[in-house]
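The structure appears below as structure tokens.
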Amino acid sequence: MKKYRVIFTKLKLLILIVPIIAGMPSTIFAHAILVESEPKAASVVSTPPDQIKIWFNENVASEFKSLAVVNSAGKRVDNNDIRQAALDRSHIYTTVPKLPPDTYTVRYRVMSADTHIITGKFTFTVASPETAEISSD
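In terms of the numbering used here, the sequence shown opens at residue 990 and continues consecutively.
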């Protein structure tokens, strides 16, 4: 008899817990994912950008973010002035000086809504004027 009482109690708990977990917002289990960038990842641009902008699929924490732009020699070239958009907390950006032709790596680190640290990187290339003219033909 006691065995059935234990099984019944566990079954009641399961019946109560499953709907609670199923009803939790999906953001509790999700991580921030990079959804857009300017310049676009793997793009070749003829005009150097003055800002590097990235957007995530959810808001990111304002106090735990970094964004760095590194040239092909491994030297950091951004102005180290990362900002977060006031109205769109999923958007962070940094300014850069006039970038010479080169391939650049953008590295980011943010904290997502579920408090997980998300890191990633992508590259883009600033084409030389000669290359840009050839590719536009």
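Cβ coordinates follow ideal geometry from the N, Cα and C atoms, glycine included.
- Separation of F1113 and D1077 (C-alpha to C-alpha, rounded to the nearest whole angstrom) is 24 Å.
- Between the alpha carbons of K1064 and S1055 lies a gap of roughly 16 Å.
- Residues of the same chain with a CB within less than 6 Å of the CB of H1080, apart from the 5 flanking positions on each side, are W1044, A1074 in chain order.
- Under the three-state reduction of DSSP, R1078 is assigned to coil, being neither helix nor strand.
- Only residues of its own chain outside the window of five on either side were considered, and among them K1054, S1055, L1056, I1081, T1083 have a CB closer than 7 Å to the CB of I1071, listed in chain order.
- Per DSSP, the continuous beta strand (DSSP E) segment holding K1110 begins and ends at 1106 to 1115.
- Exclusion of the five residues before and after S1026 leaves I1043 as the residues of its chain whose Cβ lies within less than 6 Å of its Cβ.
- As the crow flies, the alpha-carbon of V1033 is around 14 Å from that of V1095.
- Collapsing the DSSP output to three states places E1047 in coil.
- For the set D1103, A1116, S1117, F1111, the Cα lying nearest the Cα of A1050 is the one of D1103.
- Nearest to R1098 by C-alpha distance, out of D1091, P1090, T1108, is T1108.
- Per DSSP, the beta bridge partners of L1056 are Y1097.
- P1118 sits close to S1035, with the two beta carbons spaced by under 9 Å.
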